[in-house]
Amino acid sequence: MAGKARSPEAGFAPDGNVEQRGPRPRGQSSPPSAPVSISDVETVREGHQSEVLQSLAEEFPPERCFTIVFYGRRGNLDLIAGSAEEAQCWVQGLRQLIEVATSMDQRERIDQWIRDWFQKADKNKDGRMNFKEVQRLLKMMNVDMNEDHALRLFQAADKSESGTLEGEEFVLFYKALTEREEVLSLFQAFSEDGKKLTLLELVDFLRQEQLEDEGTEELAMELIDKYEPSETARARHALSADGFLMYLCSPEGSIFNPRHRGLWQDMTQPLCHYFISSSHNTYLIEDQIRGQSSIEGYIRALKRGCRCLEVDCWDGPNGEPMVYHGHTFTSKIPFREVVSTLGKYAFQTSPYPVILSLENHCSMEQQEVLAQQLRDILGEQLLTATIDGRVPTQLPSPEELKHKILLKGKKIGRLEDVLDGPGDEAPDVSDDDNGAEAEEERRRMKKDKESLAQALSDCVVYCKSVSFRGFQEARSHSRPSEISSLAEAKARKLIRDAGNDFVRHNAWQLTRIYPSGMRTDSSNYSPQEMWNAGCQIVALNFQTAGTEMDLCDGLFSQNGRCGYVLKPPFMRDEGTLFNPTEPSTREGPGPVTLTIQVISGQQLPKVANSKDGAIIDPLVRVEIHGVPADQAHQETKYIENNGFNPRWDETLQFQLHVPELALVRFVVEDYDKTSRNDFVGQFTLAFANIKPGYRHIHLLSKDGTSIPPSSLFVHIRITEPPGPEQD
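Residue numbering for the sequence shown follows full-length UniProt numbering, starting at 1 and increasing by one per position.
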């Protein structure tokens, strides 16, 4: 039973956390006692917006119900208030707190972080901290410091000489603790007086180290206005050491090129020219055998920018088709609920088209229901005709299909059979095989008519599912509006045996790859090898965290997180010579050298569920994921007992033959000499999105959610091969 909510005052911890005191998720025997940080809350949904609350709809009116949704894969919290007014009080209060948490700037986040630590360590809640509490705090913060040094810092900050730290004194202590020597020495290398960077000195730094060569003076002025805490320094167009650090920790100082965060690619190319964020068995939020089916799987995938979702439909009771993994013990959800959820959430994160991949196991009667529900619920969103009423010679673009939902499934006959437009625009077959091909087509149509409802067939336009019968066959007889689905093993064999043919095929037609049926634990294959061959719809189990989903999130974190990433030019040309297994087939200059100096780490988290809260021994591994010739990884040594401010100062170097396809993954692990290293944090991005110079890498958890202020500080150098010599 969902817990009943008390008044908000009873649920908010003083540090901006929400304490789960009254409310609790359905089926949970007692509410969890730990507070929940507001920064973990993504949104609040009002009414019966979850399966739990829908199941209680007759008992509790929607105006008393709301759902707290967390980032990552953590379960939602469904709550029922005593009255509609009380529910509104909670909803509005939480939304205001979320707004405050998400709009905090770098300095406010650090202040909040300091306050959070103070409250965690102030055991007796007297607003002061004695030395014993400080020692406990250091261990909580992943700091292994000898007692004498800790005492010296404590006494230096204890200005009132009271034997305790309070308010500003604790801030002084924290600042002494987080002093960044490596940043200070960099600052002083460019500052003549060692106290500030003048506008010209900052411009020098931006040009020489950060390789900012356009509008550098304007950028320097912007950075000073944005990150310099001192009004006096701002007025003099100067940047203090504090301001310099704030800049380096900001989005402008991040390894991820801020210009590539928003929409930056051409969206007017045919659909097959893009990698498309794609999910497998989207309805599952656990494993493939006994896992729970949930509309939450669709909401989470769409919120992450996923643009291709899968739905498995089977006959259900009372003429209602159901969605679940057939011949397993997974739970079931009505198809109409999935479609309603799709209609509501499809374009909240991205305006570009969503492809609904339909696995149809229904009887003819329930297929009619599927078609009816798709049309009734989605209305204009469902694409049921070509955009110009003509037979397509190539696929339309994401731009032309904005706010449209495309059904992928079987279709009776060919697109030109149902269009009034001229049929001769479709690829022709030669006279020799005309008769044989026409006979084969008639046979297929007859078979399809026996098993496929016409109404459902009519909903399929640009994504007609066809069996893959080889690249030659596809080139001769297939259409741009047809799509084949291949299991991972079949795709691997094709890449191995006919890599160039596969790349060429994917330059004019869509291909969908899906995980092996043996992956009952919902594990994933590497999407990289499929992207290397230009496969667009590389479907992954979004519910399963790990390297594969890190790569997926890394690739699609660019271009406004819209779920579409433009393929490199040599993968969009139908006559390309490129073969991923032979990097020399990529036209252009030789390999690019990527040099990464791993300098330091900041406030790394402890390993989840570590037995004794031990301080970590961190190391950094840098992995290159790309064509086989570029696959590589190197790691630093580990630093003993320091997760707070480890220094590595190690340089790693990589050669990239096909940089356009490379993803770079930074992983921090806790070294363990007796067993496997434990995961601490990671960050993955496409090589094309890397900014050179001194950069911070803001780490993410296993779930892909941010873990501020955990970061790595690195220096990046990218060396292009020399161009052809000029005469």
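Note that CB positions come from ideal geometry on N, CA and C, so glycine has one too. These numbers come from a predicted model, not from an experiment.
Buried/exposed call for residue i, threshold 16 Cβ in 10 Å
{"i": "residue 102", "result": "exposed"}
{"i": "residue 149", "result": "exposed"}
{"i": "residue 164", "result": "buried"}
{"i": "residue 127", "result": "exposed"}
{"i": "residue 598", "result": "buried"}
{"i": "residue 195", "result": "exposed"}
{"i": "residue 84", "result": "exposed"}
{"i": "residue 185", "result": "exposed"}
{"i": "residue 215", "result": "exposed"}
{"i": "residue 684", "result": "buried"}
{"i": "residue 512", "result": "buried"}
{"i": "residue 504", "result": "buried"}
{"i": "residue 716", "result": "buried"}
{"i": "residue 50", "result": "buried"}
{"i": "residue 100", "result": "exposed"}
{"i": "residue 25", "result": "Because the pLDDT at residue 25 is just 45, under 50, the model does not fix this residue reliably, and the point stays unresolved."}
{"i": "residue 58", "result": "exposed"}
{"i": "residue 713", "result": "buried"}
Minimum C-alpha distance to residue i - residue among the options
{"i": "residue 558", "options": "507, 458, 646 and 255", "result": "255"}
{"i": "residue 453", "options": "384, 50, 370 and 393", "result": "370"}
{"i": "residue 548", "options": "645, 87 and 277", "result": "277"}
{"i": "residue 225", "options": "240, 211, 213 and 212", "result": "240"}
{"i": "residue 408", "options": "448, 383, 568 and 531", "result": "383"}
{"i": "residue 393", "options": "520, 111 and 272", "result": "272"}
{"i": "residue 305", "options": "682, 565 and 373", "result": "565"}
{"i": "residue 617", "options": "672, 447, 214 and 301", "result": "672"}
{"i": "residue 68", "options": "60, 58, 81 and 59", "result": "81"}
{"i": "residue 362", "options": "319, 532, 376 and 395", "result": "319"}
{"i": "residue 381", "options": "365, 704, 345 and 415", "result": "345"}
{"i": "residue 755", "options": "100, 267 and 161", "result": "For the chain, the structure presents residues 1 to 727; residue 755 sits outside this window and is missing."}
{"i": "residue 739", "options": "117, 315, 388 and 520", "result": "No statement about residue 739 is possible, as the shown extent of the chain runs from 1 to 727 and does not include it."}
{"i": "residue 133", "options": "265, 113, 170 and 105", "result": "170"}
{"i": "residue 266", "options": "572, 475, 706 and 584", "result": "572"}
{"i": "residue 642", "options": "74, 61 and 177", "result": "177"}
{"i": "residue 56", "options": "417, 693 and 79", "result": "79"}
Beta-carbon proximity of residue i to residue j, cut-off 8 Å
{"i": "residue 66", "j": "residue 52", "result": "no"}
{"i": "residue 507", "j": "residue 534", "result": "yes"}
{"i": "residue 386", "j": "residue 461", "result": "yes"}
{"i": "residue 594", "j": "residue 718", "result": "yes"}
{"i": "residue 667", "j": "residue 601", "result": "no"}
{"i": "residue 509", "j": "residue 488", "result": "no"}
{"i": "residue 38", "j": "residue 98", "result": "yes"}
{"i": "residue 238", "j": "residue 282", "result": "no"}
{"i": "residue 514", "j": "residue 485", "result": "yes"}
{"i": "residue 592", "j": "residue 720", "result": "yes"}
{"i": "residue 638", "j": "residue 619", "result": "yes"}
Residue span of the alpha helix (DSSP H) that contains residue i, given as start and end
{"i": "residue 176", "result": "168 to 177"}
{"i": "residue 298", "result": "295 to 303"}
{"i": "residue 139", "result": "131 to 140"}
{"i": "residue 551", "result": "547 to 556"}
{"i": "residue 238", "result": "Segment: none, residue 238 is in no alpha helix (DSSP H) and carries neither H nor E."}
{"i": "residue 89", "result": "84 to 102"}
{"i": "residue 343", "result": "335 to 345"}
{"i": "residue 226", "result": "216 to 227"}
{"i": "residue 372", "result": "364 to 378"}
Start and end residues, beta strand (DSSP E) containing residue i
{"i": "residue 649", "result": "647 to 656"}
{"i": "residue 540", "result": "537 to 540"}
{"i": "residue 484", "result": "482 to 487"}
{"i": "residue 666", "result": "663 to 670"}
{"i": "residue 514", "result": "510 to 514"}
{"i": "residue 531", "result": "Careful: residue 531 lies outside any beta strand (DSSP E), inside the alpha helix (DSSP H) at 528 to 531."}
{"i": "residue 46", "result": "41 to 46"}
{"i": "residue 788", "result": "Residue 788 lies beyond the residue range present for the chain, which begins at 1 and ends at 727; the question has no answer from this structure."}
{"i": "residue 312", "result": "308 to 314"}
{"i": "residue 679", "result": "678 to 686"}
Any C-beta of chain D under 8 Å from that of residue i
{"i": "residue 627", "result": "No chain D appears in this structure, which consists of one protein chain only."}
### Task
Could you say if the region 227 to 246 and the region 649 to 661 meet the contact criterion of at least three C-beta pairs nearer than 8 Å?
no
Can you confirm whether the region 684 to 700 touches the region 250 to 266 when touching is taken to mean that 3 or more C-beta pairs between the two stretches lie within less than 8 Å?
yes
Inset, instruction - Report yes or no: do three or more beta-carbon pairs, one from the region 137 to 144 and one from the region 179 to 186, lie closer than 8 Å? - result: no
Practice item. Kindly confirm or deny that the region 395 to 408 and the region 347 to 359 touch, where touching means at least three C-beta pairs closer than 8 Å. Key: yes
Meets three-Cβ-pair contact criterion under 8 Å: the region 293 to 312 and the region 537 to 551 = Taking 8 Å as the limit for Cβ pairs, the verdict is that the region 537 to 551 does touch the region 293 to 312.
For the structure I just gave you, are there three or more beta carbon pairs, one from the region 692 to 708 and one from the region 246 to 255, closer than 8 Å? yes
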